[in-house]
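In my numbering, the protein residues as written are 882 to 1357.
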């Protein structure tokens, strides 16, 4: 019985998986990374808490053994399997380390879950604004020196594009204070598998709490996540496993998925057994690809970034974002993101020659389209100035917790008339999924101009509504 006309979502997902080349999360290549013995039985592992299975929310027996194996491999003192995503891991980490109404130091480029955590815990965000000639590490260190009373420093490393933040100096300074270092390492679960070939992991640099999205780069099901406590934080009593467990129960479902947890157990086993060998092969394939790029496509890899995260600047092609998307779709290659400047691809750790041949064809077709002028040549324009707005805070008017959870009157106004109004919802361009305006911040004319230009370039902007014209929700 497969009447797809009555199962529209099933039909769509079947079509999306048909004969395409995955360069996006999850890291299991549409299930191909799982061995047959696991793939064939995966559905049968979906069960509830039984005497024989144990309880993921009360780890004991084999559940605890699996988590302990993960802790040992990743270099943690304590690890929990989280089956409702790194959103849950981040909320749990924040609630464990940060007392209500305390201060937290963080850059603007954070996952929206962090924004929600700040609101839920009524935290005061201290922004480490990134100046044009300053890096994230320097900004965070300066903020920490100026605000020693902060309960935590929050860092995202690596970012979506694979760029990492050096953490040792931050961790050292945090260690001298009554403060915790929380790291969103969602895109770096694989770092530990190949020391010397990949950047050092957050735990190896002294982070106290680390959240990893296993499903992003490992053979694990969406949205499987690891939440780690460092050995030092555990032994010093800075982070307690009892409180962590209590907070995890607050944010994770009371029916966590054994199927997803089993995939987390398998992902650790695979990474420990096959990770380094697979990463070495993958680096060779990437090197061969980069040696034969068309002249209008440039690899953008900065020092210290993840060499497995493929970022290609296509601006020299003169093609716009939709044209590039069309070329990749023609060759059935699905990147993670195509933004206004670059293509970001996430190859599975066990990706092979077949996938990379398809990617090479797509990139060469992009080069040919640019060389022949066969497209409209309507480029995205220079919108690089907008990136600086994502790194700098907007003027704040009202605490985010009061806006999100208070009984404040709201109204909808045209975007062009929103200057000086207080945002009632986050305004988030996607990609990259970083808030340009948080709830409670004042919407400036500069940010309105940026939002309008992003929309003109066919970038989705969450928080901007379009019934008849573009509008935003603000406080009355």
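Virtual Cβ for every residue (Gly too), placed ideally from N, Cα, C. These figures come from a predicted structure and were not determined experimentally.
For residue i and residue j, what's the separation of their Cα atoms in angstroms?
| i | j | result |
| --- | --- | --- |
| residue 1192 | residue 1076 | 22 Å |
| residue 1311 | residue 1343 | 7 Å |
| residue 1061 | residue 946 | 27 Å |
| residue 894 | residue 911 | 10 Å |
| residue 1028 | residue 1133 | 32 Å |
| residue 1211 | residue 994 | 35 Å |
| residue 984 | residue 918 | 49 Å |
| residue 990 | residue 884 | 44 Å |
| residue 891 | residue 1218 | 23 Å |
| residue 1100 | residue 1355 | 42 Å |
| residue 1170 | residue 1304 | 45 Å |
| residue 1234 | residue 1174 | 16 Å |
| residue 1136 | residue 931 | 12 Å |
| residue 1214 | residue 903 | 6 Å |
| residue 1187 | residue 1289 | 44 Å |
| residue 1309 | residue 1038 | 20 Å |
| residue 1329 | residue 1275 | 12 Å |
| residue 921 | residue 935 | 23 Å |
| residue 1007 | residue 1351 | 31 Å |
| residue 1184 | residue 925 | 45 Å |
| residue 986 | residue 1030 | 10 Å |
| residue 1113 | residue 1023 | 24 Å |
| residue 955 | residue 1070 | 9 Å |
| residue 1242 | residue 1341 | 28 Å |
| residue 1018 | residue 1313 | 21 Å |
| residue 1315 | residue 1345 | 14 Å |
| residue 1299 | residue 1271 | 19 Å |
| residue 976 | residue 1196 | 42 Å |
| residue 1361 | residue 1160 | Any question about residue 1361 goes unanswered here, given that the chain covers just 882 to 1357. |
| residue 1353 | residue 1157 | 48 Å |
| residue 1088 | residue 992 | 18 Å |
| residue 1054 | residue 1140 | 40 Å |
| residue 973 | residue 1147 | 24 Å |
| residue 887 | residue 899 | 19 Å |
| residue 1307 | residue 1339 | 19 Å |
| residue 901 | residue 1216 | 11 Å |
| residue 1364 | residue 1026 | Look at the range of the chain in this structure, 882 to 1357, and you will see that residue 1364 is not part of it. |
| residue 1131 | residue 1001 | 12 Å |
| residue 997 | residue 1357 | 22 Å |
| residue 1325 | residue 957 | 44 Å |
Mind checking who residue i pairs with in its DSSP beta bridge?
| i | result |
| --- | --- |
| residue 903 | 1215 |
| residue 1110 | 959 and 1090 |
| residue 973 | Its beta-bridge partners do not exist; DSSP assigns none. |
| residue 873 | Here the chain covers residues 882 to 1357 and nothing more, so residue 873 does not appear. |
| residue 1193 | 1180 and 1224 |
| residue 1341 | 1311 |
| residue 1294 | 1353 |
| residue 1330 | In DSSP, residue 1330 forms no bridge with anything. |
| residue 1323 | 1303 |
| residue 1237 | Answer by DSSP bridge pairing: none, since residue 1237 is not bridged. |
| residue 1036 | 1064 |
| residue 1076 | 1079 |
| residue 1318 | 1308 |
| residue 1277 | 1322 |
Please go through the same chain and pick out, in chain order, the residues whose beta-carbon is closer than 6 Å to the beta-carbon of residue i, but skip the five residues on each side of it.
| i | result |
| --- | --- |
| residue 1267 | 1331 |
| residue 1066 | 1083, 1091 and 1093 |
| residue 1138 | 964 |
| residue 1125 | 977 |
| residue 1153 | 954 |
Excluding five sequence neighbours on each side, which residues of the same chain lie with their C-beta closer than 7 Å to the C-beta of residue i?
| i | result |
| --- | --- |
| residue 1163 | 1189, 1228, 1230 and 1232 |
| residue 1237 | 1166 and 1170 |
Under 8 Å Cβ to Cβ from residue i, same chain only, skipping five residues before and after it: list those, please.
| i | result |
| --- | --- |
| residue 960 | 948, 949, 951, 952, 1107, 1108, 1109 and 1110 |
| residue 1257 | Residue confidence for residue 1257 is low, a pLDDT of 45 falling below 50, so the modelled location carries little weight; the figure read from the coordinates is stated next. These residues qualify, in order along the chain: 1201 and 1204. |
| residue 1122 | 959, 1110 and 1115 |
| residue 1047 | 1018, 1086 and 1185 |
| residue 1104 | 964, 965, 966, 967, 968, 1094, 1096 and 1141 |
Counting only runs that start and end within the region 979 to 1023, where is the beta strand (DSSP E) found for 3 or more residues in a row?
-> Considered as a whole, the region 979 to 1023 harbours 984 to 987 and 1005 to 1008 as its complete beta strand (DSSP E) runs of no fewer than 3 residues, in chain order.
Does the region 1032 to 1048 come close enough to the region 1056 to 1073 to have 3 or more Cβ pairs within less than 8 Å?
-> These segments touch.
Just checking, does the region 1042 to 1052 make contact with the region 1179 to 1193 on the three C-beta pairs under 8 Å criterion?
-> Yes, they touch.
Just checking, does the region 1272 to 1290 make contact with the region 1311 to 1322 on the three C-beta pairs under 8 Å criterion?
-> Contact holds: three or more Cβ-Cβ distances are below 8 Å.
Pairing CB atoms from the region 1290 to 1297 with CB atoms from the region 958 to 978, are three or more of them under 8 Å?
-> Taking one beta carbon from each stretch, the region 1290 to 1297 and the region 958 to 978 have fewer than 3 pairs nearer than 8 Å; the two do not touch.
For the region 1068 to 1083 and the region 975 to 984, state whether three or more C-beta atom pairs, one from each stretch, are separated by less than 8 Å.
-> With a cut-off of 8 Å, the region 975 to 984 and the region 1068 to 1083 do not count as touching, because too few Cβ pairs lie within range.
Tell me, please, whether the region 924 to 944 touches the region 1112 to 1121 by the rule of three or more beta-carbon pairs shorter than 8 Å.
-> The region 924 to 944 vs the region 1112 to 1121: no contact.
Looking at C-beta atoms only, is the number of pairs between the region 898 to 915 and the region 1084 to 1098 that lie closer than 8 Å three or more?
-> Contact between the region 898 to 915 and the region 1084 to 1098 is present, because at least three Cβ pairs lie under 8 Å.
In chain order, which alpha helix (DSSP H) runs of at least 4 residues are fully inside the region 1139 to 1182?
-> List check, alpha helix (DSSP H) in window: 1139 to 1171.
Scan the region 887 to 959 and note each continuous beta strand (DSSP E) run of 3 residues or more that stays entirely inside, going in chain order.
-> Taking only runs of at least 3 residues, the beta strand (DSSP E) segments lying wholly in the region 887 to 959 are 902 to 904.
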